[in-house]
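J.: Chains as they are written, first to last, in full-length UniProt numbering: chain A, 1 to 577; chain B, 1 to 179.
Quick one: structure below, then a few questions.
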Amino acid sequence: MEVKTASFEKTSADTSMTVSGAEAVIKCLLEEGVDTIYGYPGGAIMPVYDELYKYQDKIHHVLTRHEQGATHAAQGYARVSGKVGVAVATSGPGATNLVTGIADAQIDSTPLVCITGQVGSHLLGSDAFQETDIVGISTPITKWNYQVTRAEEIPEVIAKAFYIAKSGRPGPVLVDITKDAQFASLEFNYKKCSGIRSYKPNPEVNLSEVERAAEVINSAKKPMIVFGQGVILGGAEELFKEFVEKTGIPSAWTILGLSALPTKHPLNVGMVGMHGNYAPNILTNECDVLIAIGMRFDDRVTGNLNHYAKQAKVVHLEIDPAEINKNVHADFPVLGNVKETLKVLLDLVKPNSHEEWHNEFKELYKTEYDKVISKNLDVNKQDLGMAEVIQEINIKTKGDAVIVSDVGQHQMAACRYSDFTQTRSNVTSGGLGTMGFALPAAIGAKMGTPNREVVAIIGDGGYQMTIQELGTIFQTRVPVKIVILNNGFLGMVRQWQQLFFDKRYASTEMTNPDFVTIAKGYHIEANRVTDRSQLKDAVKAMIEHDGPYFLEVKVEQEENVFPMVPTGASVSDIILE
Amino acid sequence: MEKKNFTVSIYTENNLGLLSRIAAIFLRRHINIESITASPSEVPEVMRFIIVVEVTEEQIKKIVGQIEKQIEVIKAFYHTAEEMIYQETALYKIKSSEFLDDLNVQAFIKATNARIVTVTPKFFVIEKTGKRHEVDELYETLKPYGLMQFVRSGTIAVTKNEMQITGILEKFNTTNSIS
Chain A
1 MEVKTASFEK TSADTSMTVS GAEAVIKCLL EEGVDTIYGY PGGAIMPVYD ELYKYQDKIH
61 HVLTRHEQGA THAAQGYARV SGKVGVAVAT SGPGATNLVT GIADAQIDST PLVCITGQVG
121 SHLLGSDAFQ ETDIVGISTP ITKWNYQVTR AEEIPEVIAK AFYIAKSGRP GPVLVDITKD
181 AQFASLEFNY KKCSGIRSYK PNPEVNLSEV ERAAEVINSA KKPMIVFGQG VILGGAEELF
241 KEFVEKTGIP SAWTILGLSA LPTKHPLNVG MVGMHGNYAP NILTNECDVL IAIGMRFDDR
301 VTGNLNHYAK QAKVVHLEID PAEINKNVHA DFPVLGNVKE TLKVLLDLVK PNSHEEWHNE
361 FKELYKTEYD KVISKNLDVN KQDLGMAEVI QEINIKTKGD AVIVSDVGQH QMAACRYSDF
421 TQTRSNVTSG GLGTMGFALP AAIGAKMGTP NREVVAIIGD GGYQMTIQEL GTIFQTRVPV
481 KIVILNNGFL GMVRQWQQLF FDKRYASTEM TNPDFVTIAK GYHIEANRVT DRSQLKDAVK
541 AMIEHDGPYF LEVKVEQEEN VFPMVPTGAS VSDIILE
Chain B
1 MEKKNFTVSI YTENNLGLLS RIAAIFLRRH INIESITASP SEVPEVMRFI IVVEVTEEQI
61 KKIVGQIEKQ IEVIKAFYHT AEEMIYQETA LYKIKSSEFL DDLNVQAFIK ATNARIVTVT
121 PKFFVIEKTG KRHEVDELYE TLKPYGLMQF VRSGTIAVTK NEMQITGILE KFNTTNSIS
């Protein structure tokens, strides 16, 4: 390796010993505290699998039914546990099947280490069987990647991979290992990586930045917080809650920030963005100070940037320097891990209540309640609505469940209506919008937090993109609860077709199979709800069931998600119907 | 904001794959790279890329941020032409027959500080180092004589101000033990 890294003093219990490259891979994983990995074997990774066989009492390898499933499962595992998720695949198609999961992890800052087998180094570039340039392919979607061609590189490269994946703003890392490097032997000696000279994961807190931010927050009359996943990734939830309570500032979340602050916290004013809540969207354009904490002003959050919070002074607490001023100009940037910056900021801000200002949020919530929420939850309307199902799950799980959602209308219903009391409870594909994410992610989430209830909420479209992972659930008996909200449409696309394409429903209607029979074919307990009267008992039976469970709920076919900020519109032009 | 030429200087570890990682940052934003060079820098084992692009200042700030985010990038800077001392080198291959007959052109080469590097019975090779417009002027002058080949290097440049790379690296060395 050419790169200068620093490492902890020797942590390995083993003194130097001769092992194969493949065994070194396993020993590295053990040194990093890995006990669960997701993957799929194949020619170029067989030496590693042969070692996995020997180490099966120490590492649980979960055989997913597709490599994409392995990455999403590893993501689900990482998101709930805060640990690094690990996915393993062979070369060629095995490696390319990882791509969607890696891209998803990159945009949602999820720590992943992907290990791929590669053809022998003498075959590189020869278009050998199952050879793809996975390092080239994954370059733009990884935080770092590296091709190992010599066995002796393995310990240092894997140590570095784990360090990079989890430090600073986390992300996916890919290590590609040629087959000859897996077979060759090396003197194994493991040192955890503790620094890389060209990489500064945690910017030093600049006290004057924090002081300036405190000053503007203290003098604000109508301040508003928008928090993102940075609060969770930084492990700053408690600190953040203290900050919110001390300052009395109404706080809204991005989809990935959800669950960092309990849903029912009095200062939690809901979601910002395209299908966010009415009040925080409207008041984004009325606040005098906008405090962004660990979030990146995604376009789904901001709507039209030319009309986004132009009246407000923007304070931006962020660990990644490239995010400052990327989409929204930060008048008061505060660079650093929010756990560190919030700690300093907390002492500098003055207690406040902002009661009148908070009342404006409450008033607008009433409007949204009357026009949207009450209708979504109305049990007298003809067909069952998605929100009613989520509400029933809240009741039965008491808000303690991990909710894993896929992408589309049901995702918006799940995020808007789920009740969260604990952090790291919302697992969803935010930035990439990966349909097919939820089923495998739920497998990983349940394994990452085995004592918590894990409920996957999935649409009938996305479900069929990774439906084969039912096989993984069957084989591992991982007790996930799967709820399909079946409206027979690719609902979100259909909604756009209805609103913006004169109801030309091009390829959005789904002719679906019998989902219950399919689940039963995998020996998974399954049930179907076709009428509101069956819902309560069905959800109860699902939650009480000891083992995996599948529940299909037939919901209204042409329900639309509101509120909505139409594309190109300002957040304050959010529509309610 | 108006587009202009910016020179990006990137100090990096000498690592396989970094060139494509950096190039991808431009590609993804549909920005054409005007010229690119990579070479060792003044710091041992540290590489320096010089990339010239035509973009707005707002764009280049964000791009430099994305470049610096790459693990093996030690530091990236951007500069305008005024802040740099820069040169390009070009080679011109011309038929000897055309060339020998014309004394004007020989005088012109001398006057522009170009240099004849190779003379054979069949062709001459002329080298010119200078600013882009000087290289272009000589190209226009030589074109009527039948340019057999022409090639121009990427811009190489040094800044007028000091670069702080050694300091950054020393700081890491003093706070960490290098393996």
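All C-beta atoms in this analysis are idealised placements derived from N, C-alpha and C, irrespective of residue type, glycine included.
Quick caveat, the model's predicted, so the values are computed rather than measured.
Would DSSP call P40 (chain B) helix, strand or coil?
T.: As a working note, residue 40 (chain B) is residue 40 in the second sequence. Here P40 (chain B) sits in strand by DSSP.
J.: Using a cut-off of 9 Å between C-beta atoms, extract the partners of A24 (chain B) located in chain A.
T.: Locating residue 24 (chain B) in the second sequence gives position 24, counting from the first residue. The answer, in chain order, is T139 and P140.
J.: On the DSSP bridge list, what partners appear for P333 (chain A)?
T.: For the purposes of this step, residue 333 (chain A) is taken as the residue at position 333 of the first sequence. Answer is A:H316.
J.: Is the region 169-187 of chain A touching the region 31-50 of chain A, taking contact as three or more C-beta pairs under 8 Å?
T.: Under the 8 Å Cβ criterion, the region 169-187 of chain A counts as touching the region 31-50 of chain A, having at least three qualifying pairs.
J.: Buried or exposed: where does E355 (chain A) fall if 16 or more other Cβ atoms within 10 Å of its Cβ makes it buried?
T.: Taking the first sequence and counting its residues from 1, one reaches residue 355 (chain A) at position 355. Exposed, since its Cβ has fewer than 16 Cβ neighbours within 10 Å.
J.: What does S121 (chain A) touch in chain B if you count any residue whose Cβ is under 9 Å from its own?
T.: By 1-based counting over the first sequence, the position of residue 121 (chain A) is 121. What S121 (chain A) touches in chain B: nothing, since even the nearest Cβ is about 13 Å away.
J.: Please go through the same chain and pick out, in chain order, the residues whose beta-carbon is closer than 7 Å to the beta-carbon of M1 (chain A), but skip the five residues on each side of it.
T.: As a first step, residue 1 (chain A) is located in the first sequence; it is residue number 1 there, counting from the start. Reliability fails at M1 (chain A), whose pLDDT of 47 lies under 50, so the model's placement of it is uncertain and the value that follows must be treated cautiously. Once the five neighbours on either side are set aside, the close Cβ partners of M1 (chain A) are E153, E156 and V157.
J.: For the beta strand (DSSP E) holding I543 (chain A), just list the boundary residues, first then last.
T.: Along the first sequence, read from residue 1 onward, the residue named residue 543 (chain A) stands at position 543. Note, I543 (chain A): premise wrong, no beta strand (DSSP E); alpha helix (DSSP H) at L535 to E544.
J.: Does E13 (chain B) have its Cβ less than 7 Å from a Cβ in chain A?
T.: As a first step, residue 13 (chain B) is located in the second sequence; it is residue number 13 there, counting from the start. With 7 Å as the cut-off, E13 (chain B) counts as an interface residue toward chain A.
J.: Would G42 (chain B) count as contacting chain A if we go by Cβ distances under 7 Å?
T.: Position 42 of the second sequence holds residue 42 (chain B). According to the sequence provided, residue 42 (chain B) is Glu. The question's Gly does not apply to it. At a cut-off of 7 Å, the C-beta of E42 (chain B) has no neighbouring C-beta in chain A.
J.: Taking a Cβ distance cut-off of 8 Å, strictly less, list which residues of the region 191-205 of chain A are near chain B, in chain order.
T.: K191, S194, G195, I196, R197, S198 and Y199
J.: Name the one or two DSSP bridge partners that A89 (chain A) has.
T.: For the purposes of this step, residue 89 (chain A) is taken as residue 89 along the first sequence, with counting starting at 1. DSSP lists A:T116 as partners of A89 (chain A).
J.: May I ask you to list, following chain order, the residues of the UniProt domain "Thiamine pyrophosphate enzyme central" (210-345) of chain A that have a beta carbon less than 9 Å from some beta carbon of chain B?
T.: D320, P321, A322, E323, I324, N325 and K326
J.: Could you please tell me which residues of the region 121-143 of chain B, in chain order, have their CB closer than 9 Å to any CB of chain A?
T.: none
J.: Can L317 (chain A) and T341 (chain A) be called in contact, C-beta distance under 7 Å?
T.: In the first sequence, residue 317 (chain A) corresponds to position 317, counting from 1. In the first sequence, residue 341 (chain A) corresponds to position 341, counting from 1. Cβ atoms of L317 (chain A) and T341 (chain A): closer than 7 Å.
J.: Anything in the region 150-168 of chain A with a Cβ closer than 7 Å to a Cβ of chain B? List those residues in chain order, please.
T.: I164
J.: What three-state label does DSSP hand A236 (chain A) in the structure shown?
T.: As a first step, residue 236 (chain A) must be located in the first sequence, where it is residue number 236. Here DSSP, grouped into helix, strand and coil, assigns A236 (chain A) to coil.
J.: At 8 Å on the CB atoms, spell out the chain B contacts of V135 (chain A), in chain order.
T.: Taking the first residue of the first sequence as 1, we reach residue 135 (chain A) at position 135. Within chain B, the residues placing a beta-carbon under 8 Å from that of V135 (chain A) are G17, ordered along the chain.
J.: Within 10 angstroms of the Cβ of V173 (chain A), are there 16 or more other Cβ atoms? Answer buried if so, exposed if not.
T.: As a working mapping, residue 173 (chain A) is identified with position 173 in the first sequence. It counts as buried.
J.: Just to check my reading of the structure: M224 (chain A) and C287 (chain A) have Cβ atoms closer than 8 Å, yes? What is that Cβ distance to the nearest angstrom?
T.: As a working note, residue 224 (chain A) is residue 224 in the first sequence. As a working note, residue 287 (chain A) is residue 287 in the first sequence. Confirmed, about 4 Å.
J.: State the DSSP-derived secondary structure class of L432 (chain A), mapped to helix, strand or coil.
T.: On the first sequence, position 432 is the one that residue 432 (chain A) refers to. It is coil, neither helix nor strand.
J.: Compare the C-beta of W357 (chain A) against all C-beta atoms of chain B and say whether one is closer than 7 Å.
T.: Within the first sequence, residue 357 (chain A) is the residue found at index 357, counting from 1. Chain B contact via Cβ: absent.
J.: Taking 7 Å as the CB-CB cut-off, is W144 (chain A) touching chain B?
T.: Counting from 1 along the first sequence, the entry for residue 144 (chain A) is found at position 144. Closer than 7 Å: yes.
J.: For S167 (chain A), which three-state DSSP category applies?
T.: Here residue 167 (chain A) refers to the residue found at position 167 of the first sequence. S167 (chain A): coil per DSSP, three-state reduction.
J.: Can the beta-carbon of S138 (chain A) be found less than 7 Å from the beta-carbon of G117 (chain A)?
T.: Numbered from its first residue, the first sequence carries residue 138 (chain A) at position 138. Numbered from its first residue, the first sequence carries residue 117 (chain A) at position 117. Taking 7 Å as the Cβ cut-off, S138 (chain A) and G117 (chain A) do not qualify as a contacting pair.
J.: Beta-carbon separation of T89 (chain B) and T56 (chain B) under 7 Å?
T.: Sequence index remark: in the second sequence, residue 89 (chain B) carries index 89 (1-based). Sequence index remark: in the second sequence, residue 56 (chain B) carries index 56 (1-based). The answer is no: Cβ separation not under 7 Å.
J.: Answer yes or no: does any C-beta atom of chain A fall closer than 7 Å to that of Q66 (chain B)?
T.: Working through the second sequence from its first residue, we reach residue 66 (chain B) at position 66. Output row for Q66 (chain B): interface = yes.
J.: Determine whether the Cβ of I165 (chain B) lies closer than 7 Å to any Cβ atom of chain A.
T.: As a working mapping, residue 165 (chain B) is identified with position 165 in the second sequence. I165 (chain B) does not count as touching chain A.
J.: Please report the residue range of the alpha helix (DSSP H) in which E83 (chain B) lies.
T.: Residue mapping note: residue 83 (chain B) aligns to position 83 of the second sequence, counting from 1. Looking at the DSSP string, E83 (chain B) is not in any alpha helix (DSSP H), and its letter there is neither H nor E.
J.: Between the Cα of G444 (chain A) and the Cα atoms of A:A74, A:T18 and A:R169, which residue gives the shortest distance?
T.: What you label residue 444 (chain A) is simply residue 444 of the first sequence in a count that begins at 1. The shortest C-alpha separation from G444 (chain A) is found at A:A74.
J.: Report yes if the C-beta distance between V53 (chain B) and I85 (chain B) is below 7 Å; otherwise report no.
T.: Numbered from its first residue, the second sequence carries residue 53 (chain B) at position 53. Numbered from its first residue, the second sequence carries residue 85 (chain B) at position 85. No; because the gap between Cβ atoms is not below 7 Å, this pair is not in contact.
J.: Could you spell out where the beta strand (DSSP E) holding L470 (chain A) opens and where it closes?
T.: Reading the first sequence from its first residue, position 470 is the one you call residue 470 (chain A). Counting along the chain, L470 (chain A) falls outside any beta strand (DSSP E), though it belongs to the alpha helix (DSSP H) covering L470 to T476.
J.: Classify M564 (chain A) as helix, strand or coil using the three-state DSSP reduction.
T.: By 1-based counting over the first sequence, the position of residue 564 (chain A) is 564. Of the three classes helix, strand and coil, the one that applies to M564 (chain A) here is strand, per DSSP.
J.: How long is the line joining the alpha carbons of F162 (chain A) and P201 (chain A), rounded to whole angstroms?
T.: Within the first sequence, numbered from 1, the residue matching residue 162 (chain A) stands at position 162. Within the first sequence, numbered from 1, the residue matching residue 201 (chain A) stands at position 201. Going from the Cα of F162 (chain A) to the Cα of P201 (chain A) covers about 13 Å.
J.: Show which residues of chain A have a CB atom less than 7 Å away from the CB atom of S20 (chain B).
T.: Position 20 of the second sequence, counting from 1, holds the residue named residue 20 (chain B). Listed along the chain, the chain A residues whose CB falls inside 7 Å of the CB of S20 (chain B) are G136 and T139.
J.: Alpha carbons only, please: which of A:K503, A:P140 and A:L470 is nearest the one belonging to L63 (chain A)?
T.: Working through the first sequence from its first residue, we reach residue 63 (chain A) at position 63. Ranking A:K503, A:P140 and A:L470 by Cα distance to L63 (chain A) puts A:L470 first.
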